[in-house]
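Visitor: Here it is: the structure, laid out below.
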Amino acid sequence: MQAPDLRGLVPAPVTPFTRDGGVDYAAIHRLGSWLGSFEGVKGLTVLGHAGEGTFLERDEQLRVIEAFRESVGDRLPIIAGITLEGTQVAAEEAKRAVKAGASAGLVYPSHGWLRFGYQDGAPQDRYKAIYEASGLPLILFQYPDATKATYNLKTQLEIAALPGVFAMKNGVRNMKRWDTEIPVIRKERPDLQILTCHDEYLLHTMFDVDGALVGYGGLTPEPLIELIAAGKAKDYAKARAIHDRLLPVTKNVYHRGSHMEGTVALKHGLVARGILEHATVRSPLLPLAEGAGEEIAAALRSAGLTK
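To convert, take the position in the sequence shown, counting from 1, and add 17; that gives the working numbering.
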């Protein structure tokens with residue numbers, strides 16, 4: 018399979034549910050069609066954290082890929098989160114994603130690494146095995162520095178050199194590492210597409226990347242497309258102005274008690290924008306405090322994104 022060009026905005030949309038907790042495929046078609054209508058959106062990443070992908074049953078996961086695929090037709094690639102812990106089962110997951118219509122895979126670190134770390138060479142083996150089994154073009158996922166699943170520079174470079182790995186989603190959330198490692202990766206792996214996923218730190222990271230793969234893009238695609246363009250043009254003043262206009266939204270979505278609450282907040286935002294009818298999520302996510310929906314709607318109005 019040919020690797021897609023993701024140089025631009027790649028939203029990671031939420032998974033809409035019905036009020037009784039089932040997957041709302043009609044709402045997926047509306048959401049995907051809306052996101053796919055913006056020039057500057059280069060793909061959609063499904064089954065990730067924002068999409069509650071690991072909360073879905075296997076058949077639901079495949080149907081979600083298919084539904085987003087149907088919503089955009091051949092206009093945009095669908096990237097599927099590859100999240101299962103063991104390498105063999107993750108490889109099988111990637112094969113299923115291909116059959117469902119995915120054009121690329123975002124490979125999550127094995128869950129146990131978050132707590133215990135990884136053996137030297139294990140991440141490289143994971144990517145190699147998944148690609149050899151599925152043929153699915155893969156995105157390197159760099160986790161936050163605060164976790165033990167974050168990859169050191171050597172590991173990042175070795176994964177990026179593997180056949181099938183064409184892009185990086187970088188969420189290291191340590192600006193010292195960002196400022197020192199990204200230039201080296203650029204120099205050593207010049208063909209690697211580098212995408213930021215720092216939803217709450219986009220301004221700092223926007224001047225060094227080819228695009229952004231963010232859940233935030235599933236709510237505010239218009240200003241984020243402008244922000245990416247300003248970053249590529251090295252226009253700090255314009256980028257800062259966009260950042261400042263979005264800051265009330267950023268605070269209401271991502272500066273809550275837990276970053277996981279961002280998924281719930283994104284759904285409230287999509288209700289305010291008229292894309293979803295309600296903000297139903299699945300456990301272990303919980304509803305936000307009373308009044309949160311109104312606060313998010315007000316922030317979107319202040320940014321000029323709703324009337």
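No residue lacks a Cβ here, since even glycine has one placed at the ideal position from N, Cα and C.
(1) So, do the stretch 49–58 and the stretch 234–245 have three or more beta carbon pairs nearer to each other than 8 Å?
(2) Between Asp162 and the rest of its own chain, which residues show a CB-CB distance below 7 Å, the 5 nearest in sequence each way excluded?
(3) My assumption, with CB atoms under 8 Å, is that Ile99 sits in contact with Val63. Please give the rounded CB distance.
(4) Can you check whether the CB of Tyr42 is closer than 8 Å to the CB of Arg75?
(5) Between the C-alpha atoms of Val182 and Ser50, what's the straight-line distance to the nearest angstrom?
(6) Do Gly68 and Pro21 have their CB atoms nearer than 8 Å?
(7) Enumerate in chain order the residues of its own chain whose CB-to-CB distance from Arg290 is below 8 Å, with the five nearest sequence positions on each side excluded.
(8) What do you reckon, are the CB atoms on Gln159 and Gln173 nearer than 8 Å?
(9) Could one say the Cβ of Arg190 lies closer than 8 Å to chain B's Cβ atoms, at least one of them?
(10) So what does DSSP say about Lys324, is it helix, strand or coil?
(11) With a cut-off of 8 Å on the beta carbons, I'd call Ala246 and Arg206 a contact; round off their distance for me.
(12) My parser needs the beta strand (DSSP E) runs of 3 or more residues fully inside the stretch 80–137; what are they?
(13) If we require 3 or more residues per run, which beta strand (DSSP E) segments fall completely within the stretch 215–264?
(14) Give a yes or no on whether the C-beta atoms belonging to Gly152 and Val201 are separated by under 8 Å.
(15) What are the complete beta strand (DSSP E) segments, minimum 3 residues, inside the stretch 25–68?
(16) Between the Cα of Asp196 and the Cα atoms of Tyr144, Thr213, Leu209, Asp208, which residue gives the shortest distance?
(17) According to DSSP, Gln210 sits in a beta bridge with which residue or residues?
(18) For Leu303, count neighbouring Cβ atoms within 10 angstroms of its own Cβ and tell me buried if that reaches 16, exposed if not.
(19) Below 8 Å between beta carbons: does that hold for Ile176 and Ala121?
(20) Which residues does DSSP list as the beta-bridge partners of Ile156?
(21) Below 8 Å between beta carbons: does that hold for Ala108 and Ala150?
(22) Identify whether Ile199 lies in helix, strand or coil by the three-state DSSP scheme.
(23) How is the alpha helix (DSSP H) around Arg290 delimited, first residue to last?
(24) Should the stretch 222–236 be regarded as contacting the stretch 280–299, the criterion being three or more beta carbon pairs within less than 8 Å?
(25) Going by C-alpha to C-alpha distance, which of Val281, His46, Val89, Val27 sits closest to Gly60?
(26) Do Ala282 and Val270 have their beta-carbon atoms positioned less than 8 Å apart in this structure?
(27) With a CB to CB cut of under 7 Å and the five nearest residues on each side skipped, what residues in its chain are close to Leu220?
(28) Starting from the C-beta of Ala266, find all residues in its chain whose C-beta is less than 7 Å away, skip the five residues before and the five after it, and write them out in chain order.
(29) By DSSP, does Ser319 sit in helix, in strand, or in coil?
(30) My output table needs one value for Val298: the three-state DSSP class, helix, strand or coil.
(31) Give me the Cα-Cα distance between Ala306 and Asp216, rounded to the nearest whole angstrom.
(32) Check the C-beta distance from Lys186 over to Phe224 and give it rounded, since I have them as a contact under 8 Å.
Guide: Reading from the atomic positions:
(1) yes
(2) Val189, Arg190, Asn191, Arg194
(3) The Cβ separation is near 11 Å, so there is no contact.
(4) no
(5) 28 Å
(6) no
(7) Leu236, Leu317, Leu322, Thr323
(8) yes
(9) Reference to chain B is not applicable here, since this structure consists of a single protein chain.
(10) coil
(11) About 24 Å; that fails the 8 Å criterion.
(12) 95–99, 121–124
(13) 228–231
(14) no
(15) 26–28, 61–63
(16) Thr213
(17) Ala184
(18) exposed
(19) no
(20) Leu123, Ala184
(21) yes
(22) helix
(23) Counting along the chain, Arg290 falls outside any alpha helix (DSSP H), and DSSP gives it neither H nor E.
(24) yes
(25) Val27
(26) yes
(27) Ala256, Arg257, His260
(28) What sits at residue 266 in the sequence shown is Val, not Ala. Excluding residues within five positions, the ones whose Cβ falls inside 7 Å are Thr237, Ala316, Leu317, Ala320.
(29) helix
(30) coil
(31) 22 Å
(32) About 17 Å separates the two Cβ atoms, so there is no contact after all.
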